[in-house]
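Participant: FYI, the numbering for the sequence shown is 7 to 126, going by this note's numbering.
The beta-carbon is built from N, C-alpha and C at its ideal position, and this holds for glycine as well.
The structure displayed is predicted, hence computed values, not measured ones.
Can you read through this structure? Questions will come right after.
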Amino acid sequence: MADRITVHGLTGHGFHGVYPPEREHGQTFRVDAVLELDTAPAAADDDLTKTVHYGELAQQLHAVLVGEPVDLLETLAQRLADLCLAYPVVDAVEITVHKPEVDLGVPADDVTVAIRRTRS
7 MADRITVHGL TGHGFHGVYP PEREHGQTFR VDAVLELDTA PAAADDDLTK
57 TVHYGELAQQ LHAVLVGEPV DLLETLAQRL ADLCLAYPVV DAVEITVHKP
107 EVDLGVPADD VTVAIRRTRS
């Protein structure tokens, strides 16, 4: 099993969705990102350059979360996964996008889309 770095519950106000009110007013979105990588080289040398700086990663994920609107959570999840895989040390990533203010016409706490992507 690979080592993991997880950013959990990163929150932002975005304008994603297919319905006009979602695009006009926006809503809260959350993302969980689980990065799989080998942290042993960073640990051995106590060297941040050999791992993922999760503070910088969080800023980048947030920028995508609140950035250019997309219709589908699947598209948003893919963009977030692509960002994580841009780090050369990341072998795979699991992204879960939460839409807790979703209007389904029935009571619901959340809708999520979860994807897992690996380095090609």
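Under 8 Å, with one C-beta from each stretch per pair, do the stretch 32-46 and the stretch 100-110 reach the 3-pair mark?
Facilitator: Short answer: they touch.
Participant: Looking at the strands, I want to know which residues DSSP matches up with residue 43.
Facilitator: Note: residue 43 sits in a beta bridge opposite 9 and 96.
Participant: Helix or strand or just coil, what does DSSP make of residue 104?
Facilitator: Correct three-state label for residue 104: strand.
Participant: Under 8 Å, do residue 83 and residue 119 count as touching if we go by C-beta distance?
Facilitator: In contact: residue 83 and residue 119 (Cβ atoms closer than 8 Å).
Participant: Can you find at least 3 beta carbon pairs, one from the stretch 65-77 and one from the stretch 9-26, that sit closer than 8 Å?
Facilitator: Contact between the stretch 65-77 and the stretch 9-26 is present, because at least three Cβ pairs lie under 8 Å.
Participant: Could you name the residues of the same chain whose beta carbon sits closer than 6 Å to that of residue 50, not counting the 5 residues immediately before and after it, in chain order?
Facilitator: Excluding residues within five positions, none has a Cβ falling inside 6 Å.
Participant: Classify residue 31 as buried or exposed, calling it buried when 16 or more other Cβ atoms lie within 10 Å of its own Cβ.
Facilitator: Exposed: under 16 other Cβ atoms inside 10 Å.
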